[in-house]
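Counting in my numbering, the sequence shown runs from 466 upward without gaps.
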Amino acid sequence: MNDLSGKRGVILGVGNQRSIAWSVAEYCHQQGAELALTFLSDPKGRFEANVKKLGEKVNATLIKECDVADDNSIQSLIGALNNHWGEIDFLIHSLAFADQKDLKVDFSSTSRNGFARAHEISAFSLLPLSEGVIPMMRKRGGGSIISMSFIGSMLAVPHYHVMGPAKASLEASSRYLAKEVGPDNIRVNVISPGAIRTLSSAGIKDFPELMRVAGE
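So, in structure tokens, the structure goes:
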């Protein structure tokens with residue numbers, strides 16, 4: 466069991482208790498890490514309320530709104546992390562998004578905007594976030610950047626559609642980041658868990674069939 470005592474990290478992607486990021490935050494807290502959490506604002510304030518609930522449970526010392534589709538919002542998060550800690554050990558990128566209508570049509574019918582949006586949120590967002598935390602990791606003598614993928618990045622699984630290429634882009638981006646920051650003792654890795662019922666997966670058509678195929 467890894468001891469994270471004295472480590473500081475930010476976790477993005479907590480939506481509710483079914484989010485992978487939620488369980489990751491609980492585990493990191495159990496191992497002694499000091500955490501910062503982010504939430505995406507929504508009209509009813511549900512995500513903020515959920516993250517604050519988790520924050521109390523894991524003793525998060527910073528909770529910050531962050532919309533990764535907005536450069537200013539990302540820079541605000543990085544500024545808050547710099548002011549709060551100045552140095553950081555890890556970043557967990559557990560973000561994924563695709564328009565539901567693009568998950569319910571044939572892959573060849575994916576919209577231009579939908580394709581771009583899925584890549585922007587699910588893959589590109591890793592780059593400005595990493596750019597922001599890398600200097601803080603260098604101050605610590607190294608660090609770890611971890612993102613979440615799925616087997617649909619390598620295999621064509623039912624109804625995953627545009628998320629497959631988006632996750633493949635995330636994995637390729639992680640390899641290039643690893644090449645860039647490896648000399649600074651910063652590791653960049655991707656975890657590919659099995660099919661799990663999460664907030665993100667709720668929009669995938671016939672998800673039980675996807676789970677069956679992914680498990681074979």
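Where is the CB? At the ideal position from N, CA and C, for every residue including glycine.
Same chain, Cβ closer than 6 Å to residue i, neighbours up to 5 away in sequence not counted
| i | result |
| --- | --- |
| His584 | Ala631, Ser634 |
| Ala486 | Ile476, Gly478, Val479, Ser559 |
| Lys529 | Thr503, Leu542, Ala545 |
Three-state secondary structure assigned by DSSP to residue i
| i | result |
| --- | --- |
| Gly544 | helix |
| Arg511 | helix |
| Leu527 | strand |
| Ile539 | helix |
| Val655 | strand |
| Ala563 | coil |
| Gly647 | helix |
| Gly520 | helix |
Inter-residue spacing [alpha-carbon to alpha-carbon] between residue i and residue j
| i | j | result |
| --- | --- | --- |
| Leu664 | Val627 | Caution is warranted here: a pLDDT of 48 is assigned to Leu664, below 50, making its placement in the model unreliable, and no coordinate value can be reported. |
| Ser666 | Val479 | At Ser666 the pLDDT is 45, less than 50, meaning the model places this residue with poor confidence; the figure from the coordinates comes in the next sentence. Between Ser666 and Val479, the C-alpha separation is close to 14 Å. |
| Arg705 | Gln565 | Because the chain spans 466 through 681 in this model, residue 705 falls outside it and cannot be assessed. |
| Lys498 | Leu519 | The identity of residue 498 in the sequence shown is Ala, whereas the question assumes Lys. C-alpha separation (whole angstroms): 14 Å. |
| Arg652 | Asp468 | 17 Å |
| Ser470 | Gln496 | 6 Å |
| Val622 | Ile616 | 8 Å |
| Asp536 | Ser573 | 30 Å |
| Phe555 | Gly474 | 5 Å |
| Val641 | Gly647 | At residue 641 the sequence reads Tyr, which differs from the Val that was named. In a straight line, the C-alpha of Tyr641 is about 10 Å away from that of Gly647. |
| Ile656 | Met613 | 5 Å |
| Met601 | Leu500 | 15 Å |
| Glu513 | His494 | 19 Å |
Strand pairing of residue i, partner residues [DSSP]
| i | result |
| --- | --- |
| Leu556 | Val475, Ile610 |
| Phe691 | Given a span of 466 to 681 for the chain in the structure shown, any question on residue 691 remains unanswerable. |
>> For a minimum of 4 consecutive residues, which ranges assigned as the alpha helix (DSSP H) are wholly contained in the region 569-630?
In response: Note on the region 569-630: whole alpha helix (DSSP H) runs with a minimum of 4 residues are 577-584, 591-604, in chain order.
>> Report the start-end ranges of each beta strand (DSSP E) in the region 467-502 that is 3 residues or longer and not cut off at the edges.
In response: 473-477
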